[in-house]
Amino acid sequence: MKKAISFLGKGQYKEVIYVWEDKQARTHLFPEAVAEIFQPEEVIILLTPSAKNYRPPKREQCPECNQGLPEPLEEETYWETLQKRLKDKVKLKEREIPEGKSEGELWEIFDICTQVVEKGDEVILDITHAFRSLPLIVFTAAVYLERVKGAKIKAILYGAYEAREEDIVPIFDLTKLIDLFDWMIGVEFLRQRSDAAFLAERIAETQNKIWKEEQPGEKPTKLKKLGEGLKRVSQALQLLRPLKVMEFSQELLPLFEQASGEVKTWAKPFGVVLDEVKREIKELAYECDSQKLTGENLRRQLAIIRHYIDKGRYTEGILLTREWIVDFVAYKNLKEEWLDRDYRTNTIELALNSSLKKKKGEEALVPEWFEQLAESEKLVKLWGQIRDLRNSIAHCGKTKGAQEIPTSIEKQLKEIYSMLEKLLD
1 MKKAISFLGK
11 GQYKEVIYVW
21 EDKQARTHLF
31 PEAVAEIFQP
41 EEVIILLTPS
51 AKNYRPPKRE
61 QCPECNQGLP
71 EPLEEETYWE
81 TLQKRLKDKV
91 KLKEREIPEG
101 KSEGELWEIF
111 DICTQVVEKG
121 DEVILDITHA
131 FRSLPLIVFT
141 AAVYLERVKG
151 AKIKAILYGA
161 YEAREEDIVP
171 IFDLTKLIDL
181 FDWMIGVEFL
191 RQRSDAAFLA
201 ERIAETQNKI
211 WKEEQPGEKP
221 TKLKKLGEGL
231 KRVSQALQLL
241 RPLKVMEFSQ
251 ELLPLFEQAS
261 GEVKTWAKPF
271 GVVLDEVKRE
281 IKELAYECDS
291 QKLTGENLRR
301 QLAIIRHYID
311 KGRYTEGILL
321 TREWIVDFVA
331 YKNLKEEWLD
341 RDYRTNTIEL
351 ALNSSLKKKK
361 GEEALVPEWF
371 EQLAESEKLV
381 KLWGQIRDLR
391 NSIAHCGKTK
401 GAQEIPTSIE
411 KQLKEIYSML
421 EKLLD
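UniProt numbering puts the first residue of the sequence shown at 1, with every later residue one more than the last.
So this is what it looks like as structure tokens:
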């Protein structure tokens, strides 16, 4: 259902012509203009008991001082006048709200704002006659309604009386301020967890919306590509594809420069952290063939592990650390078939597991080529540590001696990471 939520207060409302695009309405009560111009199926008026019973003065002038007199009063309250004017035009409801003189009353107003809306409703919010902290509550409620309750905010209206020209008053749509919340959420997801899905969606919506608007002037062409590139890196990180992370990050780097101007123009909240995100991506990028195992390849993969640790994504960090040790042994063994599953399992992992058994005093046959590696002892120690951590994670801690608390797992991973760094030095 298309609903409008509006307010009535105790201001001295003057009759003007409210204008929206090619539509207009003459009235002193903005909710009437909302009903006429935007044609909702239902108008819900929120008002305090004092506002409901308020009768404005007739605006008679004092003959001596030429000031408006507080007496006599109009025969009707604003609410009574509005009911008469909208009778048989739209379904009109009222909801009483408290005065908002305490924190508890403010939360009560928020609850009422959100209770009158159902999932799937299209909502027009009007703050023109709202007073004190009500506009802030309305904006907060709008975010909640759209993100949590599944309503669609069509507009947040303000009849800008102070911007009038003679008796013509423009109506402003402040919905873009709600968009700012979405941008902030997207930026925060990216910064905290390297999750670019929400931000990429906002970027794509922005470019698509601008191109749909038949407005002259420059339009963005690189913005959407930047969002898509960020999303690809994000997905590769989520799915533990380090080689793709390096490849996609390298492809993304030039877009930061190319789209910089467009970001500052059309995606300003993202622009604030653009350089920070670019630095992070640069650490993950690898300009050579990621399919070739080199020292720099290993260094970039190590940067990805560091990235996981910094973002608190310890499971991914543990899993990639295990595979990194296999890669390092393949690098030292000078084998090009490092991506062959059979080689990784039956040659490298077998050598590491056999060495670990031997170290524990068990009988095991360790390949000579592995024992000759200068780093073999360090590698076996690291392999034992990361294997235990990986098994603890994979089996959800449901093994004997694997009841580590999360902070212990974090500490162990950071210690292992420090030792991996030394292997490359």
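The C-beta atom is built at its ideal place from N, Cα and C for all residues, glycine as well.
Spatial distance of residue i from residue j (CA atoms)
| i | j | result |
| --- | --- | --- |
| residue 45 | residue 241 | 54 Å |
| residue 12 | residue 253 | 57 Å |
| residue 9 | residue 49 | 10 Å |
| residue 78 | residue 6 | 13 Å |
| residue 177 | residue 39 | 23 Å |
| residue 3 | residue 173 | 16 Å |
| residue 164 | residue 22 | 16 Å |
| residue 243 | residue 346 | 22 Å |
| residue 437 | residue 158 | This structure leaves residue 437 out entirely; the chain is present only between 1 and 425. |
| residue 366 | residue 348 | 11 Å |
| residue 203 | residue 227 | 6 Å |
| residue 83 | residue 161 | 23 Å |
| residue 415 | residue 237 | 22 Å |
| residue 280 | residue 264 | 19 Å |
| residue 95 | residue 256 | 50 Å |
| residue 168 | residue 85 | 21 Å |
| residue 376 | residue 398 | 30 Å |
| residue 144 | residue 20 | 26 Å |
| residue 104 | residue 261 | 45 Å |
| residue 266 | residue 127 | 26 Å |
| residue 417 | residue 383 | 12 Å |
| residue 411 | residue 314 | 10 Å |
| residue 282 | residue 258 | 15 Å |
| residue 287 | residue 275 | 20 Å |
| residue 336 | residue 329 | 12 Å |
| residue 1 | residue 41 | 7 Å |
| residue 409 | residue 396 | 12 Å |
As assigned by DSSP and simplified to three states, the class of residue i
| i | result |
| --- | --- |
| residue 365 | coil |
| residue 374 | coil |
| residue 169 | strand |
| residue 159 | strand |
| residue 268 | helix |
| residue 151 | coil |
| residue 360 | coil |
| residue 3 | strand |
| residue 244 | helix |
| residue 324 | helix |
| residue 346 | helix |
| residue 397 | coil |
| residue 336 | coil |
| residue 239 | coil |
| residue 414 | helix |
| residue 8 | coil |
| residue 387 | helix |
| residue 470 | For residue 470 there is no data in the structure shown, the boundaries of the chain being 1 and 425. |
| residue 313 | coil |
Own chain partners of residue i with C-beta closer than 8 Å, once the 5 adjacent residues on each side are dropped
| i | result |
| --- | --- |
| residue 311 | 192, 193 and 194 |
| residue 187 | 199, 269, 270, 272 and 273 |
| residue 324 | 298, 301, 302, 305 and 420 |
| residue 109 | 46, 97, 98, 100, 134 and 137 |
| residue 284 | 233, 245, 246, 249, 300, 303, 304 and 307 |
| residue 140 | 110 |
| residue 130 | 7, 9 and 138 |
| residue 371 | 355 |
| residue 75 | 55 |
Beta-carbon contacts of residue i that lie in its chain and below 7 Å, excluding the five residues immediately before and after
| i | result |
| --- | --- |
| residue 207 | 220, 223 and 224 |
| residue 15 | 26, 27 and 28 |
| residue 184 | 269 |
| residue 326 | 344, 348 and 349 |
| residue 116 | 5, 44 and 95 |
| residue 425 | none |
| residue 53 | 77 |
Heavy atom of the ligand MG within 7 Å of residue i beta-carbon
| i | result |
| --- | --- |
| residue 150 | Within the structure as shown, the ligand MG is missing, as the structure has no ligands at all. |
Any chain E beta carbon closer than 8 Å to residue i
| i | result |
| --- | --- |
| residue 15 | In summary, chain E is missing from the structure at hand, where a single protein chain is found. |
Sequence-distant residues of its chain with Cβ nearer than 6 Å to residue i (five each side left out)
| i | result |
| --- | --- |
| residue 196 | 190, 230, 231 and 234 |
| residue 332 | 373 |
| residue 390 | 318 and 322 |
| residue 316 | 240 and 308 |
| residue 92 | 43 and 86 |
| residue 81 | none |
| residue 113 | 141 |
Please list the segments of the beta strand (DSSP E) lying wholly inside the UniProt domain "CRISPR system endoribonuclease Csx1 CARF" (12-144), counting only runs of 3 or more residues, in order along the chain. Counting whole runs of 3 or more residues, the UniProt domain "CRISPR system endoribonuclease Csx1 CARF" (12-144) contains the beta strand (DSSP E) stretches 16-20, 23-27, 42-47, 91-96 and 122-126.
Taking 8 Å as the threshold, find out whether the region 108-122 comes into contact with the region 141-157 through three or more Cβ pairs. The region 108-122, when compared against the region 141-157, does touch it at the 8 Å Cβ threshold.
Could you pull out every unbroken alpha helix (DSSP H) segment of at least 4 residues lying fully inside the region 165-231, listed in chain order? As far as the region 165-231 is concerned, its whole alpha helix (DSSP H) runs of at least 4 residues are 176-193 and 197-212.
Within the chosen definition, does the region 288-296 reach the region 342-362 through at least 3 CB pairs nearer than 8 Å? The count of Cβ pairs closer than 8 Å, one atom from the region 288-296 and one from the region 342-362, stays below three, leaving the stretches out of contact.
What runs of the alpha helix (DSSP H), each 4 residues or longer, lie entirely inside the region 274-304? Within the region 274-304, the runs of alpha helix (DSSP H) that reach at least 4 residues and sit entirely inside it are, in chain order, 274-284.
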